[in-house]
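Residue numbers (my numbering), protein chains in the order written: chain A, 1 to 327; chain B, 1 to 513; chain C, 1 to 370.
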Amino acid sequence: MIDIIATFIKQAIIQGIPLLYGSTGEIITEKSGNLNLGIPGIMYIGGISSVIGAYFYESSGVDLNPVLCVVIPFFSALFGSMLMALIYSFLTITLRANQNVTGLALTTFGVGIGNFFGGSLSSLFGEGGSISLIRTGECFKATFPFVENLGLFGKTFLSFGFLAYLSIVIALVASWILNHTRVGLNLRAVGENPATADAAGINVTRYKYLATCIGGGIAGLGGLYFIMDYIGGAWTNGGFGDRGWLAIALVIFALWKPKHSILGSILFGGLFIVYLYIPGLSRSSQEIFKMLPYLVTILVLVLISIRRRREDQPPASLGLSYFREER
Amino acid sequence: MAEKPVAIELKNISKTFGSVVANHRVSLMVHEGEILSVLGENGSGKTTLMNMIAGIYYPDEGQIFVREKEVSIRSPKDAFDLKIGMIHQHFKLVDVLSAAENIVLGLKEKGRYDLEKVTEEVRRISAKYNFDIDPKKKVYEMSVSEKQTIEIIKVLYRGAEILILDEPTAVLTPQETRKLFAILRKMRDDGKAIVIITHKLNEVLELSDRVAVLRKGEYVGTIDTAEATESILAEMMVGKKVTLNIGRSEPNSPQDRLTVCDIHCMNREGIEVLSDISFTARAGEILGIAGIAGSGQRELLEAIAGLQYVDHGQILYHDPKTGKDEDLCRKKPMQIRELGVRLSFVPEDRLGMGLVGNMDIIDNMMLRSYRKGHSFFLKRKDPRTLAQQIIEQLQVVTPSATTPVRRLSGGNVQKVLVGREIASSPTVIMAAYPARGLDVNSSYTIYNLLNQQKERGVAVIFVGEDLDVLVELCDRIMVLNGGRITGILDARKTTKEEIGLLMTKTEERAVNE
Amino acid sequence: MNKEMKQHHEQHLRISKRDHMVFWKSWLIHVTAILLALLVCAFIIVLITGYNPLEVYSSMWEGTFGSARKVWLTMQETAMLLCISLAVTPAYKMRFWNIGAEGQTLIGCLATAACMIYFGNRMPVYLLIPVMFLASMAASAIWAMIPAVCRAKWGTNETLFTLMMNYVATQLVSYFITFWENPVGSNSVGIINSISKGGWLPELFGQKYLLNIIIVAILTVLMFVYLRYSKQGYELTVVGESENTARYIGLNIKKVIIRTLVISGALCGVAGFMLVAGTDHTISTDTVGGMGFTAIMISWLAKFNPIVMVLASFLLTFLSRGAGEIATALRLNQSVSDILTGIILFFIIGCEFFIQYKVSFRFHKKEVKG
């Protein structure tokens, strides 16, 4: 029994990690007042960029260095997803385009790129067939060598690849920056009331750009984790599914606080797979379980609007572009 | 007494916005360790002038000297570097952040960010000047006076030696005002130069060392408070009577049309904005409402129009047809119309409330009448005719009737709005600042329209700010001051000084509270 | 905020809100943007495939208009996209950011499919079709009404709410698929009533899609008329432009919000009805296939004008069908159409800036102190 629970927790964490990356990235973005609905696309791009990076490295014919096996896809993912966030930033901040429309277009674009290259990378540049980057996947999955000796605890909590721990570190660091540094203070002010922030001498445009691009980069790592660690280095079209939207749901569930999203991600991850662990559950009720994260999020959303506690509200200028009116 | 060192000196400062002259060759001087009041009516250019010292605007002409050195202040940051801080009327605070966080927002201090240290420093400043503030309290939980305190601390935290306060008492209760004055005196004794922008005579006399008076963008003069009295100041402020030649006919057998009995209203924060308001508006008469901006004029008109919740009281409409009385209090605009009350309302906010900027003139014509009839569809025939009529009769300058009103100039926008409101052949017209921002010709068009309505037997309620206009246009003038009526005068007999005093003086009762 | 600070920070570039732009100029900007986008797309195609982009574009044309069947398919897809775009428009015009059209349509599909499965072989056609029609409209209207009520009552953020509702709808469909799957174990519903054709929309003049297209054509005109000439359309425009004005004229804002979303949802229901009864005769979580999101962009790009939406829907359908054709011809993946769509959208979204704002360059001149 305890074994089952341990496996369940472990699987829940595994499922939760891409969501955690996505939601941390989106929280940072939203704190600057940008509602980036392109996050699902950005996460796809994060995944495919890492695949492309790893593919060229693996097929270059050199002896594979495990460090490079990790570094190349990692920075490819970061680069690709930050580039996407830059497109979004340019359109919404500099050109003041509608954030919803831009975000949705970005998602269409990102998912398209992901599925296109995922499906035709090898037929474009190689011998054809589906891509499998087992070597890279193994490097990402590598965990502490001593885990085997740590018993159940080790197996449950210490048997992940480094990206899993990184996601938690990033969420904690983000939480600390937001709440305990000058940069975080200024960022929150930008998302709440850009005109006031502007009057206080904060460069609103720069903060919005940086937060959106860094947030995009972090979200992209979620795609990287999914492809390289969870799947183990293969791409299946549409395999990433709705996780990007679930990450946005998690932002609300966590009330725009990265610290909350750590536990929230495990909870969401658990709901994603809990049907596998409840004996006698029919396939139909599985689908209801998968619905739960969204229902819970809606409930949270409605509750915070009824309670009107100011700390729990979305950043006040979320979704609006800022234009300093001249007189 | 030895002359104190000069903190700021302005020489011949001028500033224009488009064609509007906000300041014309103004010169002023503020010493260290003194409180200077800058006194003037609404629109006399006080705030613009001070904004140029705070780095919000840059003067077109003239020189600014700070501590006897000529300076160029191009941004609020420049002002801070010169140790100048301004507390604006509209606070610039982030609601969800705490007091301390708001105080350090945007500062680029060296060293680690430590909110505890900031809190300490805020406590130190607070202790020094007797501020009563919890640095950890969130702004959204604060009263207006607490928010103001934070703005002051924010400026002090940045090391300001010269403080400018824009109408600091406008939002405060008498007790809070007294506390603020005590703090300001303490700062003065501490050697700081303090400028307060105000139009309240009693405060000027109570607080300041010297008073500088502005009128219509021009500098009138500076006198020592010791030599000033309320009537001297009022005269400096309003100036000599100007004859405008707005025609005024004798009211033609006026009868009571609208009687307001003892109404009280609260705003969203639960502060009483109207109290004990009782008056009667008569058909065939223009009732002027005078008062400093924000004395309850908007709330009063909205209460009558059914847009502002009235706590208690009565608004009785005497129907000329049936002779019956209807209470309009707490009725929705729709219900008021269903009672057959033809009430027209020209709100202060023309494009945000009275008209829809992105709609064309025709569509704006039917804003208040489109519901007529049971058809599912709109009837644009009448509005189209009406639009054409208004364009011709009021000489609205527009490419066509299908031009969005947003693209018209201010005067033409107002003609469209007033034209529409008059076209519904009302029995009561309420107009808030209908000539604000209009050129002379458009203003006269509006006054003439109101006069015509009066002659037609309409009860006109006119909220104005230019006392010359009020005195020449209206039959009676009601003065509002802090949500109360301080007098209802016969416009033919009163003087601007009398109105000015009623507008600005604080009642004994309030001070003694 | 003010000229002086501006000069201080941006000495060379000055951005100001534009008052107005003449009709032809804004069209010129749009067309330029689309042409630029096609150029960028061509460049990318060459980069990836090495094919001549002209060839690629001509095969896109081929894919859209190559044969009578392809023309019908294009028209059908345009019609479906247009229908959902029409549905979201009244809400957008009211500035209610409903991004839940995907889910609202899917719920309509679900209701239609349920009627077909449960009543398909029991009810006479003249009763069945109206029942399906009404059921799907009602289901979608309720789906859209839930966030509208919360927004009207408590000010709940409608963007996030409607977004979440999409996935609840998806899961609801998956749930029902497990009951309806045919054959068992396939995890798909299969063609419903494939033999009896119960609940299938009739073919007009031998054309399967003609009825759908006619319905959407009628809806387009109706929506145009509704927004332009009806009192309700006028009211929702006023609410969208300024709630303060709505208050001033005594409108019940909550009522307008809820009523508009009910209409918006009901139209999504019509789209769902046509997708299942008139097109696919089956249901899956992919039945709507992202059209709900594309529709939002179409409505916004067309500035909420139903007639312009016809063009915008056609453009996007052309892209996706054309790109599908290249994908087959060049043995590439179908997703290339999403990429092209994305790029073109970026350009159209971006060009809006040059219509809304005026950018002027000027040389920095030092202010002379006087």
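Each residue gets a CB set at the ideal place from its N, CA and C atoms; glycine is no exception.
Using CA atoms only, rank isn't needed, just tell me which of the options is closest to residue i.
i        : options                                : result
B:Thr445 : B:Asn358, B:Glu151, B:Leu300, B:Gly247 : B:Gly247
B:Pro76  : B:Glu61, B:Leu97, B:Gly106             : B:Gly106
A:Leu295 : C:Ile214, C:Tyr167, C:Lys93, C:Tyr209  : C:Tyr167
B:His88  : B:Leu97, B:Lys46, B:Arg74, B:Ile232    : B:Lys46
A:Leu152 : A:Leu320, A:Ala54, A:Met1              : A:Met1
C:Gly289 : C:Leu47, C:Ile84, C:Ser67              : C:Ile84
B:Phe377 : C:Ile307, C:Ser264, C:Gln232           : C:Gln232
B:Leu343 : B:Gly191, B:Asn481, B:Ala459           : B:Ala459
A:Ile273 : A:Met291, A:Ser261, A:Asn65, A:Lys257  : A:Met291
B:Leu274 : B:Ile263, B:Gly284, B:Ala281           : B:Ile263
C:Ala37  : C:Ile355, C:Tyr234, C:Ser360, C:Ile349 : C:Ile349
B:Ile461 : B:Leu467, B:Glu455, B:Ile477           : B:Ile477
C:Ala42  : C:Val221, C:Val336, C:Gly269           : C:Val336
B:Ser126 : B:Val144, B:Ala99, B:Lys138            : B:Ala99
B:Lys108 : A:Leu178, A:Asn186, A:Phe117           : A:Asn186
B:Gln308 : B:Lys321, B:Tyr317, B:Tyr157, B:Asn267 : B:Asn267
In terms of DSSP beta bridges, what is residue i paired with?
i        : result
B:His318 : B:Asp325
A:Tyr225 : DSSP, once it has assigned bridges, lists no residue as partnering A:Tyr225.
B:Leu343 : B:Val428
B:Ala212 : B:Val38, B:Thr222
C:Ser16  : C:Lys358
B:Met86  : B:Ile164
B:Asp490 : B:Arg476
B:Arg484 : B:Asn481
B:Glu70  : B:Phe65
B:Ile196 : B:Ser37, B:Leu165
B:Lys11  : B:Gln63
My guess is that residue i and residue j are in contact by the Cβ rule of under 8 Å, so how many angstroms apart are they, rounded?
i        : j        : result
A:Leu301 : C:Leu160 : 6 Å
C:Glu158 : C:Trp97  : 6 Å
B:Ala234 : B:His31  : With a Cβ gap of about 25 Å, B:Ala234 and B:His31 do not count as contacting.
B:Ile183 : B:Asn130 : 6 Å
B:Leu10  : B:Ile64  : 6 Å
A:Glu26  : A:Ile39  : 5 Å
A:Leu224 : A:Gly22  : Contact flag wrong, Cβ pair sits at about 12 Å.
B:Ala435 : B:Gly217 : In fact, because the Cβ distance is near 17 Å, the residues do not count as touching under 8 Å.
A:Ile9   : A:Thr156 : 5 Å
C:Thr162 : C:Ser136 : Going by Cβ atoms, the distance from C:Thr162 to C:Ser136 rounds to 18 Å, so no, they are not a contact pair.
Quick check on residue i - is its C-beta less than 8 Å from some C-beta in chain E?
i        : result
C:Gly100 : Among the protein chains in the structure shown, which are A, B and C, there is no chain E.
Return the chain-ordered ranges of every alpha helix (DSSP H) run that is complete within the region 148-218 of chain A and spans a minimum of 4 residues. 151-157, 162-180, 182-192, 194-199
Using a beta-carbon distance cut-off of less than 7 Å, what residues from the region 237-270 of chain C approach chain B? Val238, Glu241, Ser242, Asn244, Thr245, Arg247, Tyr248, Ile249, Gly250
Interfacial residues, the region 149-163 of chain A to chain B, with Cβ spacing under 7 Å: none
According to a CB-to-CB cut-off of less than 8 Å, which residues of the region 169-202 of chain A neighbour chain B? His180, Thr181, Arg182, Leu185, Asn186, Arg188, Ala189, Glu192, Asn193, Ala195, Thr196, Ala197, Ala199, Ala200, Gly201, Ile202
Where are the beta strand (DSSP E) runs, 3 residues long or more, that stay fully inside the region 232-320 of chain B, in chain order? 255-266, 272-283, 285-290, 312-318
Entirely within the region 177-255 of chain C and at least 3 residues each: give me those beta strand (DSSP E) ranges in chain order. none
Taking beta-carbon pairs under 9 Å, can you tell me which members of the region 337-364 of chain B lie near chain C? Arg337, Phe345, Pro347, Asp349, Leu351, Gly352, Met353, Gly354, Leu355, Val356, Gly357, Asn358, Met359, Asp363
Considering only residues of the region 368-445 of chain B, which uninterrupted beta strand (DSSP E) runs meet the minimum length of 3 residues and lie entirely inside it, listed in chain order? 428-432
What are the residues in the region 192-212 of chain B lying within 7 Å of chain A by C-beta distance? none
The region 285-314 of chain A: which residues have C-beta closer than 7 Å to a C-beta of chain C, in chain order? Glu287, Ile288, Lys290, Met291, Tyr294, Leu295, Thr297, Ile298, Leu301, Val302, Ser305, Ile306, Pro314
Alpha helix (DSSP H) segments (min. 4 residues) lying fully within the region 304-350 of chain C: 306-329
Under 7 Å, CB to CB, which of the residues in the region 49-77 of chain B have a partner in chain A? Pro76, Lys77
When you check each C-beta in the region 203-219 of chain A against every C-beta of chain C, which residues fall closer than 7 Å? none
Note down, in chain order, all residues in the region 18-35 of chain A with a beta-carbon under 9 Å from any beta-carbon belonging to chain C. Leu35
Whole alpha helix (DSSP H) runs in the region 11-79 of chain A with 4 or more residues, listed along the chain? 39-58
Taking a cut of 8 Å between CB atoms, which residues from the region 235-249 of chain A lie near chain C? Asn237, Asp242, Trp245, Leu246, Ile248, Ala249
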